[in-house]
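If you're matching positions, the sequence shown starts at 193 in the working numbering and goes up one per residue. Every residue gets a Cβ at the ideal spot worked out from N, C-alpha and C, and that includes glycine. Following: one structure in structure tokens, then a few remarks.
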Amino acid sequence: MNSTTQFFFTRRSLEAVRLVTSLAYSLFLPTYLATLLLSCVSSFATAKPTPPGQSSLKIAVDFDGGSAHIVAIDQHRRLVRIRPQILNQRGWRCWWFFKLSGIVPGESITLEVGDAPWATPDRATFSLDGKTWLQTDLGKRQGQRIVFQQSIPSKTAWFAWGPPFTQTDAEELVQWATEECSEAKKFVLCKSQRGRDVPALHFTPSGDNALPRVGIWINARQHAWEVGSSWVCKGLIEWFVSNDPRAIQVRQVADMTVVPIMDVDSVAIGAGGKNQLPHDHNRDWGTANLYQSVSAAMQHIQQLDDQRLLKIYIDLHNPGAHCQSPFFYVAPHHILSDIGQRNLNRFLATAASELSGPLKFRGECHESGPNYDRNWRRISKNWVTLNTREDVVAVTLETPWNTIHSNLDGYRLIGSQLGRAIARYLRAMQALTP
Ligand SMILES: [Zn+2]
């Protein structure tokens, strides 16, 4: 074969290849695109056709706090497989919350969730009306995944990692408390980074000034996925506005602020929030704040302290997946004065008396100092300890989320018990009427 023939052959071969390629492309491209499209809408795809007499299961997440990555829906097995949505730089991948429609009332739905321990509670949460949240039965673990089965008596249901608590819930809570209690008044702590209101509640002392006022600051949900902390906060507010004589006594002296959700932006998009980049709300307490809610809280707390009022700061969280009992993070002992340590010990003793179960505080405490995190000074309770008077008690309460009691009643009970602990502590400090 000479070089001309070789060239000719090569050219013809190339043309043939182009022809075949273009033919294949025109024939198969539509099929390829269709396949791609189908895989993109796999959320509504069926492993097998929907059986006769059944409607197609469909997932929606287009609402406040809604979030889920849909892996598959098997219409034949009535199985929904999801995992948490990946939201770049917005913190841990653990929260999920979706609406399921197309249910045949009475049928059993199988929900399969992966993949991190944070994303797979032993019991999922579901609701038939989007308001009342119930626990499913215990799920069955399969490696990093967990499978829940739940009989649903309605056409639509909501499923979530835990009982959702959104910005709207926070607004309704502070509105309700304002109507319920003359000392309580709702206000907007600030606008968030993305322009959302951060709802808060302020109590003005009702007493006749026979006793000095007592400054108290409580905030929840610096980590968006830790939804239980907002329900503990709700229980606390419900107790504070109640007719319990101890709550009435606290209201006589308390200049108190409660913030049910600090990170409203992450809550709104269903992000984990914890360890979001460059840092999360609970590593923002210091100079050059990223988050308006932290900045506003710091200013208010500083004012309370400047007026010599601040006595208690409590930050509400949920801990790791294996935790079964509430515990407190406390400031490292080397930054506490003798008075600070004495008051902290007194507060922990009163908490042990009141947080009596079923989620019982058994005295477990951990310091979050330099050995815990190099940015320990920017953790809220540490910042409060370092920047306010020595007699202030500043703690983080971690309420377990992965127990049979980690539901609406359990969380709210802990909240009311925390209110009673605050009352008992103030009494021990002779800050209440005898
Ligand atoms: Zn947390």
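Quiz item: Going by alpha carbons, who is nearest to Gln516 out of Ser598, Cys382, Ser343, Gly399?
Solution: Ser598
Quiz item: For Ala311, which residues of its own chain have a beta-carbon under 6 Å away from its beta-carbon, when the five flanking residues on both sides are left out?
Solution: Pro276, Cys286
Exercise. Compare the C-alpha of Glu371 against each of Ala416, Ser434, Ser293 and name the closest.
Key: Ser434
Quiz item: Helix or strand or just coil, what does DSSP make of Pro391?
Solution: strand
Quiz item: What's the gap between the Cα of Ala264 and the Cα of Ile274?
Solution: 7 Å
Practice problem: Could you tell me if Asp507 is buried or exposed, where buried requires 16 or more neighbouring beta carbons within 10 angstroms of its beta carbon? | Solution: buried
Quiz item: What residue range is occupied by the uninterrupted beta strand (DSSP E) comprising Arg619?
Solution: Looking at the DSSP string, Arg619 is not in any beta strand (DSSP E); the run it does join, the alpha helix (DSSP H), is 600-620.
Quiz prompt | Ile440 versus Ala488: straight-line alpha-carbon distance, rounded | solution = 28 Å
Quiz item: For Trp568, which residues from the same chain have a beta carbon less than 8 Å from its beta carbon, with the 5 sequence-adjacent residues on both sides left out?
Solution: Pro524, Ser560, Gly561, Pro562, Asn574
Self-check item: Selected residue, minimal CA-CA separation from Val576, among Ile410, Gln334, Leu303
Solution: Ile410
Quiz item: ligand 1 heavy atoms versus the CB of Lys466: any closer than 7 Å?
Solution: yes
Exercise. Indicate whether Val459 and Ala402 have their beta-carbon atoms separated by less than 8 Å.
Key: no
Quiz prompt | Nearest neighbour of Ser572, chosen from Ala623, Pro243, Arg475 [CA to CA] | solution = Arg475
Quiz prompt | Cβ-based neighbour list, His473, same chain, cut-off 6 Å, excluding 5 preceding and 5 following | solution = Gln414, Met454, Asp455, Tyr483, Val486
Quiz item: From Gln609 to Leu547, what does the alpha carbon distance come to, in whole angstroms?
Solution: 5 Å
Practice problem: Give every residue of the same chain whose Cβ lies closer than 7 Å to the Cβ of Ser231, excluding the five residues on either side of it in the sequence, and list them in chain order. | Solution: For Ser231, the predicted model reports a pLDDT of 36, less than 50, meaning its position is unreliable and no value from the coordinates is stated.
Quiz item: CA-CA distance, Gly611 and Arg405?
Solution: 17 Å
Quiz item: What residue from Pro550, His268, Val585, Gln491 has the CA that sits closest to Cys382's CA?
Solution: Gln491
Quiz prompt | Proximity of Ser398 and Gln341 at Cβ, strictly below 8 Å | solution = no
Quiz prompt | Neighbourhood of Ile614 by C-beta, 6 Å cutoff - its chain only, sequence neighbours within 5 removed | solution = none
Self-check item: Assigned exposure category for Lys466 - 16 Cβ within 10 Å defines buried
Solution: buried
Practice problem: Give a yes or no on contact between the region 341-357 and the region 417-430, applying the rule of three or more CB pairs nearer than 8 Å. | Solution: yes
Self-check item: Start and end residues, alpha helix (DSSP H) containing Val486
Solution: 484-498
Quiz item: Within the present structure, is the beta-carbon of His471 separated from the nearest heavy atom of ligand 3 by less than 7 Å?
Solution: With respect to ligand 3, the structure offers nothing, as its ligand set consists of ligand 1.
Quiz prompt | Per-residue DSSP class, three states only, for Tyr217 | solution = Interpretation of Tyr217 is limited by its pLDDT of 40, a score under 50 that renders its predicted location unreliable; the figure taken from the coordinates is listed afterwards. The answer is helix: DSSP assigns Tyr217 an H, G or I state.
Quiz prompt | Of the residues Gly294, Trp288, Pro297, the one placed nearest Ala316, counting alpha carbons only | solution = Trp288
Self-check item: Closest residue to Asp314 among Leu303, Arg554, Gly322, Thr324 (Cα-Cα distance)
Solution: Leu303
Quiz prompt | Buried or exposed (CB count within 10 angstroms, at least 16 for buried), Gln281 | solution = exposed
Quiz item: Cβ of Glu418 versus every heavy atom of ligand 1: is any distance shorter than 7 Å?
Solution: yes
Self-check item: Beta-carbon gap between Val442 and Phe432 smaller than 8 Å
Solution: yes
Quiz item: In whole angstroms, what separates the C-alpha of Ala623 from that of Gln499?
Solution: 16 Å
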